[in-house]
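Take a look at the structure set out below.
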Amino acid sequence: RADHQDMDIDLATQDILDAGRALVARHPDVGAIVLECTNMPPYAAALRDALGLPVYDIYSMITWFHAGIRPRRFG
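No gaps in the numbering here: position 10 of the sequence shown is 31 in our numbering, and each next residue is one more.
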């Protein structure tokens with residue numbers, strides 16, 4: 022299609038890393054990052070590596086929540 026544009030993954034990653042660094046610079050007491058947008062989980066590992074902070078996203082939240090209501094049965 023003529024109107025189709027590919028996303029620049031490297032640019033998007035850099036954008037998120039820059040935003041994360043700016044956030045931590047403005048608020049050095051930040052202890053974790055929460056990615057609320059469903060498009061951001063693919064960047065969580067890069068953000069965690071760059072900032073040295075835990076990064077949570079909608080997927081990790083749902084996984085944690087599900088584990089609480091449907092715990093594994095051992096034995």
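Even glycine gets a Cβ: it sits at the ideal position worked out from N, Cα and C. Model, not experiment: these values are computed from the prediction.
Where residue i falls: helix, strand or coil (DSSP)
| i | result |
| --- | --- |
| D31 | helix |
| D39 | helix |
| V51 | coil |
Selected residue, minimal CA-CA separation from residue i, among the options
| i | options | result |
| --- | --- | --- |
| L74 | V45, D36, D29, T34 | V45 |
| C58 | R47, M82, A71 | M82 |
| L72 | L32, I30, D27, P49 | P49 |
| D70 | F95, I30, T34 | T34 |
| I30 | P92, V51, N60, F95 | N60 |
For residue j and residue i, believed in contact at Cβ under 8 Å, the rounded distance
| i | j | result |
| --- | --- | --- |
| Y77 | A53 | 6 Å |
Beta-carbon gap between residue i and residue j smaller than 7 Å
| i | j | result |
| --- | --- | --- |
| Y64 | I37 | yes |
| G89 | L68 | no |
At what residue ranges does the stretch 54 to 88 contain a whole run of the alpha helix (DSSP H), taking only runs of 4 or more? Every alpha helix (DSSP H) stretch that sits fully inside the stretch 54 to 88 and reaches 4 residues is listed by chain position as 65 to 72.
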